[in-house]
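The structure appears below as structure tokens.
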Amino acid sequence: ARSVILDADPGVDDMGAILLALASPELDVEAVCAVAGNVPVEATVRNALKTVALAGQPGIPVLRGSARPLVAEQVLGKHAAVGVFPDDIVPPTEIDPQSGSAALFIAERAIVAARDGRRLSICASGPLTDIALALTMDARVARGIERIAIMGGAFTALGNRRPFAEFNMLADPHAAASVFASGVAVTLFPLDVTQQALLQDHHLATLRASCGAAGKALAAMFEFSDRGNLARYGRPGGPIHDIMPVAFLIAPDLFTLRPAVLGIETGGSTAGHTFADFDAPAGDVPVAEIAVAVDEERLFALLLGRLSAYGER
Ligand code: BDR
Ligand code: CA
Numbered sequence: 003a004r005s006v007i008l009d010a011d012p013g014v015d016d017m018g019a020i021l022l023a024l025a026s027p028e029l030d031v032e033a034v035c036a037v038a039g040n041v042p043v044e045a046t047v048r049n050a051l052k053t054v055a056l057a058g059q060p061g062i063p064v065l066r067g068s069a070r071p072l073v074a075e076q077v078l079g080k081h082a083a084v085g086v087f088p089d090d091i092v093p094p095t096e097i098d099p100q101s102g103s104a105a106l107f108i109a110e111r112a113i114v115a116a117r118d119g120r121r122l123s124i125c126a127s128g129p130l131t132d133i134a135l136a137l138t139m140d141a142r143v144a145r146g147i148e149r150i151a152i153m154g155g156a157f158t159a160l161g162n163r164r165p166f167a168e169f170n171m172l173a174d175p176h177a178a179a180s181v182f183a184s185g186v187a188v189t190l191f192p193l194d195v196t197q198q199a200l201l202q203d204h205h206l207a208t209l210r211a212s213c214g215a216a217g218k219a220l221a222a223m224f225e226f227s228d229r230g231n232l233a234r235y236g237r238p239g240g241p242i243h244d245i246m247p248v249a250f251l252i253a254p255d256l257f258t259l260r261p262a263v264l265g266i267e268t269g270g271s272t273a274g275h276t277f278a279d280f281d282a283p284a285g286d287v288p289v290a291e292i293a294v295a296v297d298e299e300r301l302f303a304l305l306l307g308r309l310s311a312y313g314e315r
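With full-length UniProt numbering applied, the sequence shown has no gaps in its numbers, which climb one by one up to 315 at the end.
Rendered as structure tokens:
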């Protein structure tokens with residue numbers, strides 16, 4: 003199985019991403035790191051703990067991530083008022099986060115992986131603060147990371163938090179710039195691709211009917227997320243953004259990827275705006291792979307099939 007650290011800001015779709023990863027034998031989840039993003043870090047840590055408990059895997063370490071972006075003013079998610087997942091939907095848990103910071107944990111695990119001749123994958127579904135910090139700590143960190151699969155950015159799609167910026171990129175543009183420049187392989191899942199697969203009411207019905215307590219909780223939480231915006235998505239349903247990079251680490255052939263030179267604006271009114279040159283001459287850096295298309299039907303079949311493993315719990 004592929005060793006992976008999830009760095010997330012749960013977050014409803016982050017919760018789905020964590021549940022999918024923990025139900026998938028292709029992935030060996032070393033830890034869940036909870037960074038400030040959709041909600042403040044105290045709440046993302048609580049939500050991550052509740053999610054691993056809901057998954058029946060309370061032994062998965064949960065690390066406290068960064069409380070603030072590197073340089074920018076903090077921007078929280080639009081649904082920040084939800085805060086900690088309501089106890090009647092996602093039951094409370096007594097488990098505590100593991101001591102130590104997420105950034106240090108990621109750095110140490112990457113160094114150990116490199117020393118052992120292994121490599122670690124990272125799935126980032128929130129602002130990139132922890133990952134940027136980890137990469138700055140020691141040059142060996144980058145060598146221990148095989149790939150970072152990131153939900154973030156918008157190219158031809160409009161932004162979802164500013165006209166030109168997607169939330170995760172806006173929330174810490176300096177961290178994103180630093181990760182893109184680190185030389186570590188990046189696969190990016192921007193709004194352009196995450197808006198191609200929409201969770202419909204019939205998917206929610208399947209989650210409730212055949213995926214046990216985890217599926218019921220996730221379906222109920224999705225009611226709080228960005229759904230039914232026909233003007234934006236052109237058809238019913240809502241995106242499941244963060245689930246995509248996890249699905250990619252499980253089944254890369256669900257996606258069409260294109261190499262591009264990747265950049266991000268860090269200041270002014272366009273902070274968080276990502277740009278990609280798909281026609282850059284060979285040798286230009288930094289090169290990332292950008293997901294441009296997804297097999298929607300197979301993606302939902304994977305998600306619902308895997309989550310049905312929680313049926314017995
Ligand atoms: C991203 O922002 C968050 O609200 C979601 O969890 C996702 O990671 C989408 O722009
Ligand atoms: Ca997220």
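The beta carbon of each residue, even a glycine, is placed where N, CA and C say it ideally should be. Please read all numbers here as calculations on a predicted model, not as lab measurements.
DSSP lists Ile-124, Val-188 as the beta-bridge partner residues of Ile-150. Boundaries of the beta strand (DSSP E) around Leu-264: 257-266. In the DSSP annotation of this structure, the continuous segment of the beta strand (DSSP E) that includes Glu-291 starts and ends at 289-296. In the structure shown, the three-state DSSP call for Phe-277 is strand.
Linking Leu-65 to Arg-308 through their CA atoms gives a straight-line distance of about 25 angstroms. Taking C-alpha positions only, Gln-59 is separated from Pro-175 by approximately 33 angstroms. Measuring C-alpha to C-alpha distances from Ala-74 to each of Gly-119, Thr-95, Pro-129, Leu-51 identifies Pro-129 as the nearest. The nearest non-hydrogen atom of ligand 1 is less than 7 angstroms from the C-beta of Gly-128. When distances are taken from the beta-carbon of Asn-231 to the heavy atoms of ligand 1, even the shortest one reaches 7 angstroms or more.
Contact between Val-289 and Val-263 holds: CB atoms are separated by about 6 angstroms, below the 8 angstroms threshold. In this structure, the CA atom of Asp-16 is about 30 angstroms from the CA atom of Gly-119. Taken from the Cβ of Asp-194, every heavy atom of ligand 2 lies 7 angstroms or farther away. For the set Leu-51, Val-54, Asp-30, the Cα lying nearest the Cα of Ser-123 is the one of Asp-30.
A straight line joining the alpha-carbon of Pro-94 with that of Glu-225 spans about 19 angstroms. Note that the segment 250-268 does not touch the segment 137-148; fewer than 3 beta-carbon pairs, one per stretch, sit closer than 8 angstroms.
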